[in-house]
Amino acid sequence: MSVATSAAAAFQSNYGSDPAGLWAAPGRVNLIGEHTDYNDGFVLPFAIPQHTVAAVAPSTEPGWTVCSDLVNESVSFGTTGPGEVEGWAGYVAGIVWALQDAGFDVPPARIALSSDVPLGSGLSSSAALESAVLTALVELGGIDLPVEKRPGLAQRAENVYVGAPTGIMDQSASIRCEQGRALFLDCRSLEVEQIPFDLAAEGLAILIINSNAPHQHVDGEYGARRKSCEEAARILGVPALRDVAVDELDAALARIDDEVTRRRVRHIVTEDQRVLDTVALLRAGQVREIGPLLTASHVSMRDDFEITVAQVDVAVEAALAAGAYGARMTGGGFGGCVLALVDAARADETTAAVLRAYEEKGFTAPTIWPATAAQGAQKI
Ligand code: GAF
Numbered sequence: 352m353s354v355a356t357s358a359a360a361a362f363q364s365n366y367g368s369d370p371a372g373l374w375a376a377p378g379r380v381n382l383i384g385e386h387t388d389y390n391d392g393f394v395l396p397f398a399i400p401q402h403t404v405a406a407v408a409p410s411t412e413p414g415w416t417v418c419s420d421l422v423n424e425s426v427s428f429g430t431t432g433p434g435e436v437e438g439w440a441g442y443v444a445g446i447v448w449a450l451q452d453a454g455f456d457v458p459p460a461r462i463a464l465s466s467d468v469p470l471g472s473g474l475s476s477s478a479a480l481e482s483a484v485l486t487a488l489v490e491l492g493g494i495d496l497p498v499e500k501r502p503g504l505a506q507r508a509e510n511v512y513v514g515a516p517t518g519i520m521d522q523s524a525s526i527r528c529e530q531g532r533a534l535f536l537d538c539r540s541l542e543v544e545q546i547p548f549d550l551a552a553e554g555l556a557i558l559i560i561n562s563n564a565p566h567q568h569v570d571g572e573y574g575a576r577r578k579s580c581e582e583a584a585r586i587l588g589v590p591a592l593r594d595v596a597v598d599e600l601d602a603a604l605a606r607i608d609d610e611v612t613r614r615r616v617r618h619i620v621t622e623d624q625r626v627l628d629t630v631a632l633l634r635a636g637q638v639r640e641i642g643p644l645l646t647a648s649h650v651s652m653r654d655d656f657e658i659t660v661a662q663v664d665v666a667v668e669a670a671l672a673a674g675a676y677g678a679r680m681t682g683g684g685f686g687g688c689v690l691a692l693v694d695a696a697r698a699d700e701t702t703a704a705v706l707r708a709y710e711e712k713g714f715t716a717p718t719i720w721p722a723t724a725a726q727g728a729q730k731i
């Protein structure tokens with residue numbers, strides 16, 4: 352059963368009627384630019400075909416009811432404040448709150464959710480959920496909120512209502528990505544450029560390797576990285592680390608006493624430059640050539656930002672040893688997924704090599720599949 356059919360069926364069985372419409376929003380893979388978003392820097396995600404579908408209808412009763420076929424539970428709430436609805440339904444209540452807080456009238460609604468975005472794998476299942484619900488409520492309620500303003504509102508729901516100090520990349524990817532393109536986003540100006548990203552035309556593929564090591568960025572590590580970056584920007588007297596150019600890096604590092612903070616800064620400053628270099632290569636049609644940048648990004652996350660775990664390092668090493676052009680962890684880190692850029696003809700060989708490496712290490716088997724760049728949030 353497709354996700355859309357499941358969401359419609361969940362709506363019918365919970366509420367005894369048909370939804371007014373179905374809205375889908377995808378998860379994402381970030382090609383490059385990790386932890387740069389909350390440093391006002393650059394990111395380059397693309398949407399994946401896995402998505403969350405919200406089946407929604409306006410309600411004559413006040414308030415909102417939401418159910419999900421993943422948890423077999425339905426939650427009702429009225430107007431709430433940050434944190435009042437907990438767990439998965441908090442993401443939905445957070446969107447309602449953020450819309451109301453921005454001064455909009457949110458239509459009372461019944462919502463049923465279904466999703467095939469793997470949970471807790473660094474593929475932005477929470478942004479997919481937020482973006483599907485936000486798009487549905489905005490369109491159903493005739494709310495005048497331009498597409499470019501929606502990611503910031505969904506981010507506020509996550510930061511303030513749910514309490515996760517994430518940046519703006521995931522919601523931007525889920526809402527603004529276009530099929531066959533990667534989204535080059537300047538996280539300060541919020542300007543985007545849709546970069547053509549047709550791997551098949553080049554005989555290439557990107558494999559997503561889900562390490563199946565649990566990923567959790569609401570915990571302290573993500574927040575600690577963010578704090579270090581903000582502290583470093585304060586020491587350097589700049590609004591954000593985006594304002595340190597790569598050729599000023601050595602001088603900037605010389606002004607920071609703490610060795611760990613120096614490494615965090617080096618990751619962010621070099622990662623921003625790698626995004627710019629990747630975009631330049633893609634614009635020039637040199638797709639294979641981005642491989643070394645992807646791998647350098649991984650090394651930087653492993654050694655300087657210290658957000659990788661053994662499972663993702665092994666996946667990267669095995670993919671590279673099997674001939675991948677480049678490979679890196681994608682997403683917030685501490686588990687989650689790796690992406691590997693490979694010749695399409697060698698995808699099976701790479702997959703087998705990674706599976707073998709995991710087996711040798713005694714790790715839980717990874718899940719591996721080829722990624723394509725899908726469409727952002729839309730009514731389906
Ligand atoms: C998580 C966050 F939600 C994003 O905002 C981003 O910081 C990412 O980690 C790391 O690049 O997905």
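Residues in the sequence shown are numbered consecutively from 352, following my numbering. Ideal placement from N, C-alpha and C gives every residue a C-beta, glycine not left out.
Output needed for Val569: all residues of its chain with C-beta closer than 7 Å, excluding positions within five of it in sequence on either side, in chain order. As a first step, residue 569 is located in the sequence shown; it is residue number 218 there, counting from the start. Low local confidence applies: a pLDDT of 47 at Val569 is under 50, so the model's placement there is unreliable, with the coordinate-based value given in what follows. So the qualifying residues of the chain are Ala515.
Tell me the rounded alpha-carbon separation between Arg577 and Gln662. One-based indexing of the sequence shown puts residue 577 at position 226. One-based indexing of the sequence shown puts residue 662 at position 311. Cα-Cα distance, rounded: 24 Å.
Taking 7 Å as the cut-off, does the CB of Asp391 come closer than this to any heavy atom belonging to the ligand GAF? As a working mapping, residue 391 is identified with position 40 in the sequence shown. No, the beta carbon of Asp391 sits no closer than 7 Å to any heavy atom of the ligand GAF.
Chain-order list of residues whose beta-carbon lies under 8 Å from that of Arg606 (same chain, five-residue window excluded): Here residue 606 refers to the residue found at position 255 when the sequence shown is read from its first residue. Ile586 and Leu587.
Any idea which residues DSSP pairs Asp694 with across the strands? Along the sequence shown, one-based indexing puts residue 694 at 343. Answer is Leu555.
State the beta-bridge partners of Gln545 as determined by DSSP. Locating residue 545 in the sequence shown gives position 194, where the first residue counts as 1. Leu534.
Would Trp374 and Ala487 qualify as a contact pair, given that the criterion is a beta-carbon distance under 8 Å? The count along the sequence shown starts at 1 and reaches residue 374 at position 23. The count along the sequence shown starts at 1 and reaches residue 487 at position 136. Contact flag set, yes.
Using only CA atoms, which one of Val689, Ala669 and Thr723 lies nearest to Leu706? For the purposes of this step, residue 706 is taken as the residue at position 355 of the sequence shown. Of Val689, Ala669 and Thr723, the residue nearest in Cα terms is Ala669.
Spatial neighbours of Leu645 in its chain, beta-carbon cut-off 7 Å, leaving aside the 5 residues before and after: Taking the first residue of the sequence shown as position 1, residue 645 is located at position 294. Within the same chain, Leu645 has close Cβ partners Ile383, Gly677, Ala678, Arg679 and Leu692.
Proximity to Ala406 [Cα-Cα], best of Ser357, Gly429, Leu421 and Pro721: For the purposes of this step, residue 406 is identified with residue 55 of the sequence shown, where counting begins at 1. Out of Ser357, Gly429, Leu421 and Pro721, Ser357 has the C-alpha closest to the C-alpha of Ala406.
Residues in its own chain within less than 7 Å of Ala453 by CB, not counting five upstream and five downstream? As a working mapping, residue 453 is identified with position 102 in the sequence shown. Excluding residues within five positions, the ones whose Cβ falls inside 7 Å are Leu504.
Contact set for Ser476: own chain, Cβ-Cβ below 8 Å, skip 5 residues either direction: Along the sequence shown, one-based indexing puts residue 476 at 125. Closer than 8 Å at Cβ, skipping near neighbours: Gly378, Thr403, Ser466, Val468, Pro469 and Leu470.
Rounded to whole angstroms, what's the CA-CA distance from Val380 to Ser410? Just pull it up for me. For this step, residue 380 is matched to residue 29 along the sequence shown. For this step, residue 410 is matched to residue 59 along the sequence shown. Cα to Cα, the separation comes out at about 35 Å.
Check whether the stretch 432 to 440 and the stretch 493 to 504 are in contact - that is, three or more C-beta pairs closer than 8 Å. no
Here's the rule: buried if 16 or more other CB atoms are within 10 angstroms of the residue's CB, otherwise exposed. What is Glu385? Against the sequence shown, residue 385 aligns to sequence position 34. Buried: at least 16 other Cβ atoms inside 10 Å.
Measuring only the C-alpha atoms, how far is Gly727 from Asp608? Walking along the sequence shown from the start, residue 727 turns up at place 376. Walking along the sequence shown from the start, residue 608 turns up at place 257. Near 43 Å, if we compare the C-alpha coordinates of Asp608 and Gly727.
What is the rounded straight-line gap between the Cα of Ala673 and the Cα of Lys730? As a working mapping, residue 673 is identified with position 322 in the sequence shown. As a working mapping, residue 730 is identified with position 379 in the sequence shown. If you take the alpha carbons of Ala673 and Lys730, they lie about 41 Å apart.
Whole angstroms is fine: what's the gap from Glu581's alpha carbon to Arg697's? Reading the sequence shown from its first residue, position 230 is the one you call residue 581. Reading the sequence shown from its first residue, position 346 is the one you call residue 697. Roughly 42 Å between the two C-alpha positions.
Any idea if Glu424 is buried or exposed, counting beta-carbon neighbours within 10 angstroms, 16 or more meaning buried? As a working mapping, residue 424 is identified with position 73 in the sequence shown. Exposed: under 16 other Cβ atoms inside 10 Å.
Just to confirm, are Leu395 and Val626 a CB contact at a threshold of 8 Å? Sequence index remark: in the sequence shown, residue 395 carries index 44 (1-based). Sequence index remark: in the sequence shown, residue 626 carries index 275 (1-based). Yes, they are a contact pair.
Measure from the alpha carbon of Tyr512 to the alpha carbon of each residue in Gly445, Ala408 and Val660, then state which is nearest. Counting from 1 along the sequence shown, the entry for residue 512 is found at position 161. Looking at the Cα atoms, Gly445 is the closest of the given residues.
Can we say the stretch 539 to 557 touches the stretch 709 to 729, given the rule of at least three CB pairs closer than 8 Å? yes
Where does Glu481 fall in DSSP's three states? As a first step, residue 481 must be located in the sequence shown, where it is residue number 130. In the structure shown, Glu481 sits in a helix (DSSP, three-state: H, G or I).
Beta carbon of Met652: closer than 7 Å to some heavy atom of the ligand GAF? Position 301 of the sequence shown, counting from 1, holds the residue named residue 652. Not so, every heavy atom of the ligand GAF lies at least 7 Å from the Cβ.
Please confirm whether Ala583 and Arg617 have their CB atoms less than 8 Å apart. Reading the sequence shown from its first residue, position 232 is the one you call residue 583. Reading the sequence shown from its first residue, position 266 is the one you call residue 617. Against a cut-off of 8 Å, the Cβ pair of Arg617 and Ala583 comes out as no contact.
Alpha carbon to alpha carbon, what distance is there between Val417 and Ala602? On the sequence shown, position 251 is the one that residue 602 refers to. On the sequence shown, position 66 is the one that residue 417 refers to. Their Cα atoms are separated by approximately 53 Å.
Evaluate Gln401 with the Cβ neighbour count: other Cβ atoms within 10 Å of its Cβ, from every protein chain shown; 16 or more gives buried, anything less gives exposed. Walking along the sequence shown from the start, residue 401 turns up at place 50. Answer is buried; the Cβ neighbour count reaches 16.
By Cβ distance below 7 Å, which residues in the same chain neighbour Gly574 in space, the five residues on each side in sequence not counted? Taking the first residue of the sequence shown as 1, we reach residue 574 at position 223. If we look at Gly574 and ignore the five residues flanking it on each side, its Cβ neighbours are Pro516.
Among residues of its own chain, excluding the 5 on either side of Ser523, which ones have a beta-carbon nearer than 6 Å to its beta-carbon? One-based indexing of the sequence shown puts residue 523 at position 172. Result list for Ser523: Pro502 and Leu536, in chain order.
Counting along the chain, where does the beta strand (DSSP E) carrying Gln401 start and finish? Within the sequence shown, numbered from 1, the residue matching residue 401 stands at position 50. Gln401 -> beta strand (DSSP E) spans Pro396 to Pro409.
To the nearest angstrom, how far is it from the Cα of Arg639 to the Cα of Asp655? Sequence index remark: in the sequence shown, residue 639 carries index 288 (1-based). Sequence index remark: in the sequence shown, residue 655 carries index 304 (1-based). C-alpha separation (whole angstroms): 25 Å.
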